[in-house]
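*Asks:* Sequential numbering from 1 applies to the sequence shown in my numbering. Glycine included, each C-beta is placed from N, C-alpha and C at the ideal position. Quick one: the structure is below, and I'll ask about it shortly.
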Amino acid sequence: WSDADRQLRARVALMHRLEPEAGWPDLSDAALQAGLADWLGPYLPGLRRLDDLADGRLRTALSSLLDHAQTRRLDAELPREITVNGRARAIDYAADTPVLAVRLQDLFGQHDTPRLAGGRLALVLHLLSPAGRPLAVTADLAGFWRGAYTEVRKQMRGRYPKHPWPEDPLAAVPPAPRRREP
1 WSDADRQLRA RVALMHRLEP EAGWPDLSDA ALQAGLADWL GPYLPGLRRL
51 DDLADGRLRT ALSSLLDHAQ TRRLDAELPR EITVNGRARA IDYAADTPVL
101 AVRLQDLFGQ HDTPRLAGGR LALVLHLLSP AGRPLAVTAD LAGFWRGAYT
151 EVRKQMRGRY PKHPWPEDPL AAVPPAPRRR EP
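Now the structure itself:
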């Protein structure tokens with residue numbers, strides 16, 4: 001499985017847990033193996049090696065198990081990415097609760113934890129230093145700003161003096177997104 005395949009399977013499994021009555025397909029290993037010929041069979045003609053599935057055919061085969069309405073709902077309720085401070089950030093669905101890794105400064109001014117599935121599910125935030133190292137993990141951004149941020153701010157101001165560490169992160173504006181080198 002590619003990472004994109006695993007993420008698709010995890011997103012569908014999460015929707016299945018959130019809405020067990022909605023008819024989301026079971027994409028577990030056992031279910032896929034039991035129906036292998038049904039879901040993968042139509043995509044095998046013309047293949048010579050297993051590596052030929054790496055061109056996206058496997059994900060196409062998995063996606064075919066969803067109808068059009070389910071695909072649209074999956075993308076709306078559990079998107080692959082979320083925009084934070086003007087940049088798209090991938091959401092990792094591999095854990096039981098979806099995770100968003102983001103620089104702490106990119107969340108300045110944001111009061112609440114981003115939520116998915118129509119507000120039913122808070123993201124777990126992996127708050128990163130300017131160097132991309134983990135500083136904190138929380139599913140309660142408001143609580144983090146009120147509590148642990150003070151200690152993180154004390155430690156990081158000396159280590160990253162060129163980056164903002166305001167006393168009131170809710171009143172602060174996130175720094176402009178950094179440009180990526182081509």
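1) Please report the distance separating the alpha-carbon of R159 from that of D26.
2) Mark R49 as exposed unless 16 or more other C-beta atoms lie within 10 angstroms of its C-beta, in which case mark it buried.
3) Quick one: residues in its chain with C-beta nearer than 7 Å to the C-beta of L128, no 5 flanking neighbours on either side, listed in chain order?
4) Measuring only the C-alpha atoms, how far is W188 from G23?
5) If we call anything under 9 Å between Cβ atoms a contact, is P177 one with D106?
6) Once DSSP output is grouped into helix, strand and coil, what is the label at R87?
7) I'd like to know if the region 77-88 and the region 57-67 are in contact, where contact means that at least 3 CB-CB pairs between them fall below 8 Å.
8) Excluding sequence positions up to five away, which residues of its chain have a Cβ less than 8 Å from the Cβ of G109?
9) Reducing DSSP to helix, strand and coil, say where L53 ends up.
*Replies:* Once the coordinates are examined:
1) The residue labelled residue 159 in the question sits at position 159 within the sequence shown. The residue labelled residue 26 in the question sits at position 26 within the sequence shown. Near 47 Å, if we compare the C-alpha coordinates of D26 and R159.
2) Along the sequence shown, read from residue 1 onward, the residue named residue 49 stands at position 49. Answer is exposed; the Cβ neighbour count stays below 16.
3) Against the sequence shown, residue 128 aligns to sequence position 128. Once the five neighbours on either side are set aside, the close Cβ partners of L128 are A101, V102, R103, L104, P134, L135.
4) Because the chain in this structure spans residues 1 to 182, residue 188 falls outside the shown range and cannot be described.
5) Translated into positions along the sequence shown, residue 177 becomes position 177. Translated into positions along the sequence shown, residue 106 becomes position 106. Their beta carbons are under 9 Å apart, which means P177 touches D106 by this criterion.
6) In the sequence shown, counting from the first residue as 1, residue 87 sits at position 87. Of the three classes helix, strand and coil, the one that applies to R87 here is strand, per DSSP.
7) no
8) Residue 109 sits at position 109 when you count from the first residue of the sequence shown. Only P169, L170, A171, A172, V173, P174 meet the Cβ criterion.
9) Translated into the one-based positions of the sequence shown, residue 53 becomes position 53. L53: helix per DSSP, three-state reduction.
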